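**Q**
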Amino acid sequence: MTKTKQNETQTTDRTTDRTADQAVTLVIGGNGKTGRKVAEKLTAQGRPVRIGSRSGEPAFDWNEPGTWLPALEGVDRVYVTYYPDLAFPGAPEQVGAFAEVAVAAGARRLVLLSGRGEESAQLSEEKLKASGADWTVVRASWFNQNFDESFFLEPVLAGVIALPTADAVEAFVDTGDIADVVVAALTDDRHIGRTYELSGPRLMSFADVAAELSKVTGREIAYVPVSDEAYRAELREHGLPEDFAELFTLILDGRNAHLVHGVEEVLGRAPRDFADFAREAAATGVWDAPSS
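Sequential numbering of the sequence shown, starting at 3, is according to my numbering.
1) If you drop the 5 nearest sequence neighbours on each side, which residues of the same chain put their C-beta closer than 6 Å to that of residue 207?
2) Identify, in the order they occur along the chain, each residue of the same chain with its Cβ nearer than 6 Å to the Cβ of residue 56, setting aside the five sequence neighbours on each side.
3) Using only CA atoms, which one of 263, 180, 221, 251 lies nearest to residue 41?
4) Within the same chain, show all residues whose beta-carbon is closer than 8 Å to that of residue 238, passing over the 5 residues directly before and after it, in chain order.
5) Does the Cβ of residue 285 have 16 or more other Cβ atoms within 10 Å, making it buried, or fewer, making it exposed?
6) In the DSSP assignment, find the unbroken beta strand (DSSP E) run with residue 199 in it and report its ends.
7) Going residue by residue through the region 43 to 98, where are the continuous beta strand (DSSP E) segments of at least 3 residues, counting only ones entirely within it?
8) Whose C-alpha, out of 145, 230, 139, 241, is nearest the C-alpha of residue 198?
9) Using the C-alpha atoms, what's the distance from residue 106 back to residue 159?
10) Measuring alpha carbon to alpha carbon, tell me which of 112, 236, 229 ends up nearest residue 30.
11) Terminal residues of the continuous alpha helix (DSSP H) containing residue 264?
12) Can you look up residue 153 in the DSSP assignment and give me helix, strand or coil?
13) Identify, in the order they occur along the chain, each residue of the same chain with its Cβ nearer than 7 Å to the Cβ of residue 190, setting aside the five sequence neighbours on each side.
14) Kindly indicate the opening and closing residues of the alpha helix (DSSP H) around residue 219.
15) With a threshold of 16 other CB atoms inside 10 Å of the CB of residue 260, please say whether the residue is buried or exposed.
16) DSSP state of residue 23, grouped into three classes?
17) Going along the chain, which residues of its own chain have a beta-carbon closer than 6 Å to the beta-carbon of residue 150, five neighbours each way excluded?
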């Protein structure tokens, strides 16, 4: 799954505009957890980047197809992330339609962020491939950064992570590793036509995650298993789609309860461990207990 890709607003809407003879990379969701890092890494390499977002210039909105072509002007490659998630109804049709528009506009290299072990996400993969693009698919599991940038940040601050995951395990992956793989796929022809599955270096339960977070924050953060029904009620209370509850079935049935090696395959190094992420995130103060 593409794991709660809520947009952040920590980069400008257009990192670098088009130069005279150099085509632009469109990074859809370029203010989000993976897109922001992809944009930063491409820019550091001197590659022009355009941020695809509703606040971008020009604006890009998945639900407004009229915004797609203007955002693709002068673009020859695209990092495709879909909001809210490829598992949601209508995603394959929108991704397929966009891919066709992109290829017709001259953007042949498309790199799609997909979900590991997620059949509904694979429908979007097939739609993108059918466009005739030079494609790469990057399948990721749950992000480390879900705990400090969105989704699970509030529960961590409250000291209680209540989820319907029982004692199931997940190979949490770092968005920095995802971004490095995506940049390689966007810039190196050897990755055309390849599908890479990414994970972190170890399997962890949410109780394990809570223990790591407790260690680096110096306060108790507990994992509390709850029923699916109770979690859906909490989503409704916070105005969030109940479809998010469906994503936890991917953890509960064990389909991703094993490590994969896409990071090593593409980058020639081991993926980042959750403990290293947690230690660095804690140092920023993001999990400091709110003052009373």
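Glycine included, every Cβ here is placed at the ideal spot set by N, Cα and C.
Given the structure is predicted, the values throughout are model-derived calculations rather than measurements.
**A** Put simply:
1) 169, 171
2) 63
3) 180
4) 244
5) exposed
6) 196 to 199
7) 51 to 54, 77 to 82
8) 139
9) 47 Å
10) 112
11) 264 to 269
12) coil
13) none
14) 208 to 219
15) exposed
16) For residue 23, the pLDDT reaches just 40, beneath the cut-off of 50, and the residue's location in the model is therefore unreliable, leaving the point undetermined.
17) 283, 288
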